[in-house]
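> Before we start, here is the structure in question, set down as structure tokens.
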Amino acid sequence: MLGKPGLGSNPRQRTGLPILSKTFAQAPHQVRNNPANHLQAKEALTVLQQTKGNQYVARQLKSVPQQDEKTIPVQRQADDEATRAIEEVIADPDVPGLTVAVAKEINQLIANRQRQEALNVLIEFLDQDGQIDQTLLQGGRMGYSRGVSGEGVATPPGYNRDPATGERRARPTPVRIGPAAFRRGLTWLYTSVLHEYQHVQQFQQPGAKGTTGQRALGWLIERQEVEAYATEILNSRTTGLYYQPRLMRITWGRLHNDHWLPLGRKSRRLLNDLYVRAHTMAQEAVGEDIRLPFRPAR
């Protein structure tokens, strides 16, 4: 698992979901997307009270001027506020690891070509949600760079030696994300970020040496990439990659063709369990009509 306790394990994560599930007869995102199912004022106020508190609701209602009965501004205000409150806690249906509000904000920034800002919002949310640890990133962020040819690159961070234990500790890792990470939608950006974060975690392992991109350690590069792509696949239900068969095929192809096949027998045996688990999930995602290449260690 990635991050501090692991993906989605933070107790703060989407704590409003059980409340909202009890409030609505159907999935909240269906209510949000279907104008015919807009909340009635009473239901909206209930949601606001439970998610924002009674004082907040009272302030909002006092600020709305009363008009004639046909206009019902209180209901309209409550509906708008309820929608925003829901979006802040409900998982996005296409990218379940993010809330609807965060996914909407990132998509808007991407549409405006504000790629660094989009990355900043994503990294901040993933850190708060327990999916990554910003302190392991240089400057607490991943930087956007048009000069990166692929989706991203994690640069060797260097190491400091702990004076008390003598152990080497990796410094925060510089990570750059390139234009390719933005070309296939939010899911692709999300999974690309987690891929590079896996490399960040690899640097943190005791006795870690080498890094992605060091040609003299080709065997290590292949191991690291197999681990990173497998991690993408195993977390694909969180990023939404699982629900996009075409992107899953691309990801598995990189894992299997580009990095698994070049591995020696010893390295394959060490990573075989991870490889098999990743294949099982990738095959499930693309469906039985498509057979992914598979060559486990023997």
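In the numbering used here, the protein residues as written are 14 to 311. Glycine is no exception: its CB is placed at the ideal position from the N, C-alpha and C atoms. Predicted model only: the values in this text are computed from it and were never measured.
1. Spatial neighbours of Trp-201 within its chain, please: C-beta separation below 7 Å, excluding the five flanking residues on both sides.
2. Determine the DSSP secondary structure at Val-77, reduced to helix, strand or coil.
3. Taking 8 Å as the threshold (C-beta atoms), are Ser-205 and Gly-179 in contact?
4. Do the region 278-287 and the region 296-304 touch if we need at least three Cβ pairs shorter than 8 Å?
5. What span of residues does the alpha helix (DSSP H) with Tyr-172 cover, start to end?
6. Taking a contact to mean a Cβ-Cβ separation below 8 Å, would you say Arg-187 touches Gln-151 in this structure?
7. What three-state label does DSSP hand Leu-113 in the structure shown?
8. Determine the closest residue to Ile-99 out of Asp-107, Val-108 and Thr-112, with distance taken between C-alpha atoms.
9. Kindly indicate which three-state DSSP category Ala-177 falls into: helix, strand or coil?
10. To the nearest angstrom, report how far apart Asp-142 and Trp-273 are at their CA atoms.
11. Going by C-alpha distance, which of Asp-146, Ile-190 and Asp-286 is nearest Glu-240?
12. Are the beta-carbon atoms of Leu-135 and Ile-119 separated by less than 8 Å?
13. Take Glu-209 and list the residues in its own chain whose beta-carbon comes closer than 6 Å to its own, dropping the five residues that flank it on each side.
14. Once you ignore the five residues that flank Arg-27 on each side, which residues in its own chain have a CB closer than 8 Å to its CB?
15. In whole angstroms, what is the alpha-carbon distance linking Arg-159 and Arg-311?
16. Identify, in the order they occur along the chain, each residue of the same chain with its Cβ nearer than 8 Å to the Cβ of Gly-300, setting aside the five sequence neighbours on each side.
17. Taking the alpha carbon of Gly-156 as the point to measure from, which residue in Ile-234, Gly-191 and Ala-243 has its own alpha carbon closest?
18. Verify whether the separation of the beta carbon atoms of Ala-183 and Ala-243 is less than 8 Å.
Let's see:
1. Ala-194 and Leu-260
2. In this predicted model, Val-77 has a pLDDT of only 46, less than 50, meaning its place in the structure is not dependable; the value taken from the coordinates is given anyway. Residue state, collapsed to three classes: coil.
3. no
4. no
5. Not the alpha helix (DSSP H): Tyr-172 falls in the beta strand (DSSP E), residues 172-174.
6. Looking at the sequence provided, one finds Pro at residue 187 rather than Arg. A contact, by the Cβ cut-off of 8 Å.
7. According to the sequence shown, residue 113 is Val rather than Leu. DSSP places Val-113 in helix when its eight states are reduced to three.
8. Thr-112
9. coil
10. 32 Å
11. Asp-286
12. yes
13. Gly-165, Ala-167 and Val-188
14. Since pLDDT at Arg-27 reaches only 41, below the 50 mark, its modelled position is unreliable, and the value read off the structure follows with that caveat. Counting only Cβ-Cβ distances below 8 Å, and skipping sequence neighbours, we find Val-102, Ile-103, Ala-104 and Thr-112.
15. 42 Å
16. Pro-258
17. Gly-191
18. no
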